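Notes follow once the structure below has been shown.
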Amino acid sequence: MLTTRGWWFLVLAVLVMALGFFAELPALVPVGLTLTLWFAAVGALFYLRARVVVRRLRVVRTLADERGPVDTLWAGRPVDVRVEVRLPGFLSLPYAVVTERVPFALEREAGEVETSGPVGAGRTLSLAYRARPPAPGRVRFEGVRLRLADLQGFFYHETFVPAVVLARVLPVLADAGGKPATTKRHNLLPPPGIHRLRRPGSGSELLDLRDYRPGDPPRTIAWKVSARRDRLVTKEFESEVPLTCTLFVDTSNSVRLGPPGLNALARLIEIAAAVAQANTAVRDLTGVCLFDEKAVTLVRPARTARHLVQTINLLADAGGLAPTTGQARVAALVPLAHAFAEEVYPYLLRADLNRVPFLPTWLLPRPAWVLPRPTLRDTLHPALLYGGLIVAVLGAGAAIASLALYFADVMPPAPLAGLGVVGVPAAVLMFGLFLAWQVFFPRRRRLTALRKRLAALLSVRHGLAPGGLAALLEDDAHMAEHLQRFLAEHQVPYPLPLYDAEGRYLFAAPEKVAVLARAVTQAVGKGHDNELFVLIADLLELADRLEPLLAAVRVARARHHQVMVVCPWPPGLPSPNSPEEPAHPFHGTGGAAGLPRALRRTTALRFRRAYREVRQAFARLGVPVICAADGDSVRLILDRMERLRQMGRRR
Amino acid sequence: MTKRDEAPAEYDGARDYVLLCVTALMLMLLALVQMRLGPWSLLPPLLGTVALLFRWRGGPVLVLAALLLLVASRAQGFDPFLLAARSVDLALDWLLRGPRFAPALPRSLPPRAPSPLAEALLALGTLAFCAGFYRLQSLHVRLFPPDPRRSPGEPNKRPGPHRRPAGQAALGEVLLLAVAAPVVTVLAEGFWLWLRKQETTLDLADSSWRGLLAVWLLGGGALAAAWLLRALAHRRLSRDEALLYLQDVVWRETRGEQRRLYRWLAWARERRRRREEKA
């Protein structure tokens, strides 16, 4: 809290006072006393401001687009963020610097995120900037960073004023063709003459006129037309049985990987949202089933505007999900999480509340047998300490026993005397090595201290029981899970290992196949009419584990439902439908310099092969597989809906 | 351009602080003249003025050092130049040849104690100069300490020094300082007058006894104030802060037992995972 300037001033004031008293220079005493009293008064006032007044600050955040304040944002559309910091009551801060923390899920386009000046007594600090959410999901505004100093610059305090606002980012609106809307989209009924449900039925909208057939109900006869044509003509009405489309959207860890907005999940959400909107526009029913490795979230098919809003909200929430794995490295996550927590939760990391004791950080390392994958260093580090202690106890015991025997006029045996002579120096050496390790390689010690502070914070934030702090300190898997949850909650991107120690891909998520198969079977069981099931899922890593899903699809096909699969495709790789086939990975790469190129080719080849296998597996059942890299995935799904309509008409 | 078209001139707080500092230096000059220091009275104000002109960070240190020299020489009745030269000579001699006996300086002026008014003026001038000078520094040089972190948008660039905009320095704060400084000076002078009356029967010089008394009173007062402020801060803890504090206390009290329990649990979980992997 005290700055260098403050320290200098305090030392000078005390020095002047001390010289006045002890060097018998009385003229200096009032000068020193005045400076010291002034400093103490400034310090006390600043402490009150930093601890009491700051707590009363209120942050008001307004999100607005070109039409006014909004609660939800649209992906890709700019939003104006206005932040006001107020201090109700008569208290005030003479000078404060407020810095907005722009969420990770927003891209700032213009405007300033920092402002400064006095706050309180009717004065507010405000700032405004324009930002753009790149992808559907959620945006979390944490609050503002606040920096305070007294006017002389003797004291400094930095804290964070939390003002959490969560705003949904909805996918871009699309029209019936699946393209982004450019015209008015509020006409629920089509213009006269346009018939979207081209199946004749018992609806109220006129579809067509045809000659009267015996058996047609008299109320359907178009009397005026019949009189004009001099023969009976019957009116045909639209069908009231619209088509049903159920979208199974993959939200497993395999599609969550990658930067937010650029990962496969973002593309899948876009496709699902566009199809849902296009279907609702033509009054078809759309259901959504979100699935991952463990569970299914289902929204039953419907076609109301409210249902569409619910569906889009659900998709937007799914778009913000972050990948997690139990095999994440705690050592990689702790510094990141601590840096973030230091910025956003400084009041929970204060040394007077969240202490780091000396013993656990310096003298009590975790033994290797509780670590998931201990390294040589993990084994050596505690071994030096505990081994040193054991050798010390043995050596001291042997020395005492030897001395006792010697004083009892018995010659101690040579091994015992030797252990007594060598044991204590050896223990001292080992303990010295351990301490030197701690001093010269402070990373592990630092990590332990950071981990303790974070464990206390996470235990409170996640509502763990009083033993939660110790559990997080000792159990790596537990800590990794909570760290990922903390970082994901706050939308902080974090590194994850893609492969385990044996080189297996960690994010293939094979469990999701069984979950998806079960969901499809249930949907088939509850379907009433010929429906379209769209499986928007990443199956490329699972070509050899599709059997349960293929069985479920077989059931759906046997019940005359239509099924299609949309697979996400890694961004940057050439589409599998593009004509050029990648050459052999190492053909013409130019040695080591061309390694990235060779790797890229290898990846492209691997994905093409996987795509081909998935396509072949589903083609046997008559199920088309579409690659989401193609810009027209939505159109292809809607075409399939159209074909369903045509089939209904032919029947 | 008409007068109405002109933009309103922004208030410049720096100018007022410069005026305040100059006034404070004048007060110091007055006090030093009253102490009969002759032309040497000009030394601290001159140093202060130069520091103001060139925005030296060490301005208050220079002024205080000059004051110290003048007051010390006046109290002993020495010529300040001779005292400074003699001090430097003695220091060098002590460094090069070790401690030796040094003959006393000849007294050029009779020793004289300053009047309370001169003391008060000197204290007021020093305080006003230091406060005003450091406030000017926060407008011209830097208010916050340097931040070692890098800017989020520019990872290769560290943020520059943060200065307070001169337009935000209001006239009110200058006036408040002009009012508060005499109040603090009067309090300090009152305290000093009370201290002057204190005498001791111990084998100590009265001035040293007063010094000890001041240290105890000021230190004790600071400790009591710190304790009170901390107690108040603890009463105002938020729910999360209080929960964290209690949880930390529980952990510190039982951490040995908890560590043993959770290490065994972690070991059991790890063993189960390895077995499952093998299976």
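Chain order of the listed sequences is H and Y. Numbering-wise, the first sequence is residues 302 to 952 according to the numbering used here. Numbering-wise, the second sequence is residues 878 to 1156 according to the numbering used here. Backbone N, C-alpha and C define an ideal beta-carbon position, used for all residues, glycine too. Remember, predicted model here, so these are calculated numbers, not experimental data.
I'd like to know whether the C-beta atoms of residue i and residue j end up nearer to each other than 8 Å.
i, j, result
"leucine 1121 of chain Y", "leucine 939 of chain H", "no"
"glycine 333 of chain H", "alanine 345 of chain H", "no"
"valine 924 of chain H", "valine 866 of chain H", "yes"
"alanine 579 of chain H", "aspartate 839 of chain H", "no"
"valine 645 of chain H", "leucine 755 of chain H", "no"
"glutamate 1147 of chain Y", "proline 869 of chain H", "no"
"arginine 350 of chain H", "leucine 394 of chain H", "yes"
"phenylalanine 735 of chain H", "leucine 773 of chain H", "no"
"alanine 995 of chain Y", "glutamate 1066 of chain Y", "no"
Does DSSP classify residue i as helix, strand or coil?
i, result
"valine 816 of chain H", "helix"
"glutamate 415 of chain H", "strand"
"phenylalanine 931 of chain Y", "helix"
"threonine 282 of chain H", "Outside the shown range of chain H, which is 302 to 952, sits residue 282 of chain H, and nothing can be said about it."
"proline 726 of chain H", "helix"
"arginine 1026 of chain Y", "coil"
"alanine 766 of chain H", "coil"
"histidine 458 of chain H", "strand"
"arginine 1140 of chain Y", "helix"
"alanine 1000 of chain Y", "helix"
"alanine 857 of chain H", "helix"
"phenylalanine 405 of chain H", "coil"
"proline 796 of chain H", "coil"
"threonine 304 of chain H", "coil"
"tyrosine 707 of chain H", "helix"
"alanine 810 of chain H", "coil"
"glycine 438 of chain H", "strand"
"valine 363 of chain H", "Per the sequence shown, the amino acid found at residue 363 of chain H is threonine instead of valine. Threonine 363 of chain H falls in the strand class under three-state DSSP."
"alanine 468 of chain H", "strand"
"leucine 650 of chain H", "coil"
"arginine 656 of chain H", "coil"
Between which two residues does the beta strand (DSSP E) containing residue i stretch?
i, result
"methionine 865 of chain H", "863-868"
"leucine 835 of chain H", "Sequence inspection shows valine at residue 835 of chain H; the leucine mentioned does not correspond to that position. Start and end: 832-837."
"threonine 545 of chain H", "545-551"
"valine 899 of chain Y", "Not the beta strand (DSSP E): valine 899 of chain Y falls in the alpha helix (DSSP H), residues 890-911."
"arginine 383 of chain H", "380-387"
Check whether the Cβ of residue i lies closer than 8 Å to any Cβ atom in chain H.
i, result
"arginine 1112 of chain Y", "no"
"cysteine 898 of chain Y", "no"
"arginine 1152 of chain Y", "no"
"arginine 932 of chain Y", "no"
"aspartate 893 of chain Y", "no"
"phenylalanine 1021 of chain Y", "yes"
"phenylalanine 1006 of chain Y", "no"
"proline 1025 of chain Y", "no"
"tryptophan 971 of chain Y", "no"
"lysine 1155 of chain Y", "no"
"leucine 1081 of chain Y", "no"
"histidine 1017 of chain Y", "no"
"glutamate 1076 of chain Y", "no"
"aspartate 889 of chain Y", "no"
"proline 957 of chain Y", "no"
"glutamate 1118 of chain Y", "yes"
"glutamate 1130 of chain Y", "no"
At which residues does the alpha helix (DSSP H) containing residue i begin and terminate?
i, result
"serine 876 of chain H", "Per DSSP, serine 876 of chain H belongs to no alpha helix (DSSP H) and is neither H nor E."
"tyrosine 430 of chain H", "Note, tyrosine 430 of chain H: premise wrong, no alpha helix (DSSP H); beta strand (DSSP E) at 426-433."
"threonine 605 of chain H", "Per DSSP, threonine 605 of chain H belongs to no alpha helix (DSSP H) and is neither H nor E."
"valine 473 of chain H", "Premise fails: valine 473 of chain H is in no alpha helix (DSSP H) and is neither H nor E."
"threonine 903 of chain H", "896-920"
Which residue or residues does DSSP assign as beta-bridge partners of residue i?
i, result
"proline 501 of chain H", "H:Glu539"
"proline 463 of chain H", "H:Gly444"
"isoleucine 927 of chain H", "H:Val867"
"alanine 397 of chain H", "H:Gly418 and H:Leu449"
So, does the CB of residue i fall closer than 8 Å to a CB anywhere in chain Y?
i, result
"glutamine 453 of chain H", "yes"
"alanine 778 of chain H", "yes"
"threonine 337 of chain H", "yes"
"proline 658 of chain H", "yes"
"alanine 345 of chain H", "yes"
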